[in-house]
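Notes for the one structure printed next.
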Amino acid sequence: MNSREKGARGELEACEALDAIGLDCRRSVQYNGRSGDADNVCDQAPRLHFEVKRTERLNLFGALDQALRDSKGKRIPIVMCRSNHRPWMLCIRVVDIPAFVEEFHCARRLPPFDSQREAL
Numbered sequence: 116m117n118s119r120e121k122g123a124r125g126e127l128e129a130c131e132a133l134d135a136i137g138l139d140c141r142r143s144v145q146y147n148g149r150s151g152d153a154d155n156v157c158d159q160a161p162r163l164h165f166e167v168k169r170t171e172r173l174n175l176f177g178a179l180d181q182a183l184r185d186s187k188g189k190r191i192p193i194v195m196c197r198s199n200h201r202p203w204m205l206c207i208r209v210v211d212i213p214a215f216v217e218e219f220h221c222a223r224r225l226p227p228f229d230s231q232r233e234a235l
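Going by the numbering used here, the sequence shown opens with residue 116, and the numbers climb by one from there.
So, in structure tokens, the structure goes:
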């Protein structure tokens, strides 16, 4: 499997993980290695910019720098990452948490967390 296929598979897995928490998500199509687009897009949460990394050794600050650069200061930069046999994780700057929570809450298609606690 080449790196492009691995990246595409990771982006699809990340979409499934976001869907499981109530965010409808899709891969953005990046033609010819064009940068500046988020890897995954949630139409109902347009302020979120997801940079997806599916790797065993992540340069977290490099990935966050990429998300910051590609979001152009207009969206909330988020690194979504995982390695083999590990769960998906989100890395977000502390300063962006209030905006993230607001966007996440407005975009979710599921009932609030309180009504879900019994199901967990």
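Yeah, the Cβ is synthetic: ideal placement off N, Cα and C, and Gly gets one too.
Keep in mind the model is a prediction, meaning the values are calculated, not measured.
In three-state terms, what does DSSP make of residue i?
i	result
H164	strand
R142	strand
R223	coil
D134	helix
Does the separation of the CB atoms of residue i and residue j fall below 9 Å?
i	j	result
A178	H164	no
C206	V194	yes
R197	G125	yes
F219	L127	no
V167	A214	no
Relative to the alpha-carbon of residue i, which residue among the options has its alpha-carbon at the smallest distance?
i	options	result
I191	R162, R197, Q181	R162
A222	V210, R201, A160, R197	A160
R201	D180, G188, T170, F176	T170
A135	D211, W203, V210, R208	W203
Please confirm whether residue i has its beta-carbon closer than 9 Å to some beta-carbon of chain D.
i	result
H200	Absent from the structure is chain D; it holds one protein chain and no more.
Tell me the start and end of each unbroken alpha helix (DSSP H) in the region 154–220 that is at least 4 residues and wholly inside, in chain order. 175–186
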